[in-house]
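Trainee:
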Amino acid sequence: MIVAIAESCPSGAITYIRKDAGPQEQPPVVNTVRIRENGSLALHAEIVLGDETSFRATLCRCGASENKPFCDGSHNKSGFAATGEPALKDTPALDARNGPLTVTPTKNGQLKLEGNLEIVTGTGHTVDRTQRTFLCRCGHSANKPFCDGTHKKVGFVGQSGAAAKAANLPPQGERSNFIVAQRSWLYRPARIG
Ligand code: FES
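Each residue of the sequence shown is one higher than the one before, starting from 1 at the first, in UniProt numbering.
The following block contains the structure:
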């Protein structure tokens, strides 16, 4: 039950460490980034971002998050409008659908994603299958979810790499069969995603 709750958290704000010899969370069999209507990019993959590897994360695509590259819910306040159902491309199946996915927020620019990845709409249709793509995170591309270079015109400012702090996990000596933790650098009280 606890595992199911944690693993259904798209942002990775809730994570867990099992101490009962049960299986730890595994990466998905298919790496996906889900495009949320008027909202974030929800990644489910073996995500390598800076020094950290995680399996779930919601990344900002409106440009307004104060915790870039992660979503902090600012799209709700800013009234960000972007479809979660962009046009579908006719792309062939990948040879492999999982494996490490390296996410690189570029300085004042797009999100570079390298690795096997399926881009899916909010309702689950496949937009693209790729091993390298550049997604908009400034909120202004006319070709969302892809970057079209508009970030330069609008003067988007965003750090390169992960601005994330270390995960705020409880001490290892916790006497519980599970450690359930909220990663403070991903979580804000406002709804995320
Ligand atoms: S990051 Fe938005 S257009 Fe490039």
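In this text, a Cβ means the ideal position worked out from N, Cα and C, and glycines have one as well.
1) Which runs of the alpha helix (DSSP H) at least 4 residues long sit entirely within the UniProt domain "Iron-binding zinc finger CDGSH type" (46-81)? Give them in chain order.
2) Can you name the start and end residues of the beta strand (DSSP E) that K112 belongs to?
3) With a threshold of 6 Å on Cβ separation, who are the neighbours of F134 within its own chain once the five nearest residues in sequence on each side are excluded?
4) Examine ligand 1 and report whether any of its heavy atoms sits within less than 7 Å of the Cβ of Q110.
5) For L41, which beta-bridge partners are listed by DSSP?
6) Are at least three pairs of beta-carbons, each pair with one atom in the stretch 121-130 and one in the stretch 63-81, less than 8 Å apart?
7) Does the stretch 136-147 touch the stretch 79-86, meaning 3 or more C-beta pairs lie closer than 8 Å?
8) Could you spell out the range, first to last residue, of the beta strand (DSSP E) harbouring T91?
9) With 16 other CB atoms within 10 Å as the buried threshold, where does T91 fall?
10) According to DSSP, is T150 part of a helix, a strand, or is it coil?
11) For a test of your reading of the model: does the CB of D148 fall under 7 Å from any non-hydrogen atom of ligand 1? Yes or no.
12) Skipping 5 residues on each side, what residues in its chain have a beta carbon closer than 8 Å to that of P171?
13) When burial is assigned at 16 or more other CB atoms within 10 Å of the CB, is A57 buried or exposed?
14) Residue range of the beta strand (DSSP E) that V3 falls in?
15) Given this structure, state the Cα-to-Cα distance separating T150 from D128, to the nearest angstrom.
16) On the CB-based measure, 16 or more other CB atoms within 10 Å of its CB, does G158 come out buried or exposed?
17) Given K107, which residues of its chain have a CB within under 6 Å of its CB, disregarding the five upstream and five downstream residues?
18) Rounded to a whole number of angstroms, what is the C-alpha to C-alpha distance between V29 and L41?
19) For D128, which of helix, strand or coil comes out of DSSP?
20) I'd like to confirm the pairing. Which residues does DSSP put opposite T133 in its beta bridges?
Mentor: For this structure:
1) You should have 74-78.
2) It spans 111-120 - the beta strand (DSSP E) in which K112 sits, taken as one unbroken run.
3) Q110, K112, C147
4) Checking the 7 Å criterion, the Cβ of Q110 is within range of a heavy atom belonging to ligand 1.
5) I35, L59
6) no
7) yes
8) Counting along the chain, T91 sits inside no beta strand (DSSP E), nor does DSSP assign it H or E at all.
9) exposed
10) Three-state result, T150: helix.
11) yes
12) Because the pLDDT of P171 is 39, which lies under 50, any placement of that residue in the model is unreliable, and the number read from its coordinates should be weighed accordingly. There are no such residues.
13) buried
14) Where V3 is concerned, there is no enclosing beta strand (DSSP E), although the alpha helix (DSSP H) it sits in stretches over 2-7.
15) 21 Å
16) buried
17) The beta carbon of K107 is closer than 6 Å to those of S160 in its chain, skipping five residues each way along the sequence.
18) Note on geometry: alpha-carbon atoms of V29 and L41 lie some 19 Å from one another.
19) strand
20) T133 is bridged to L113.
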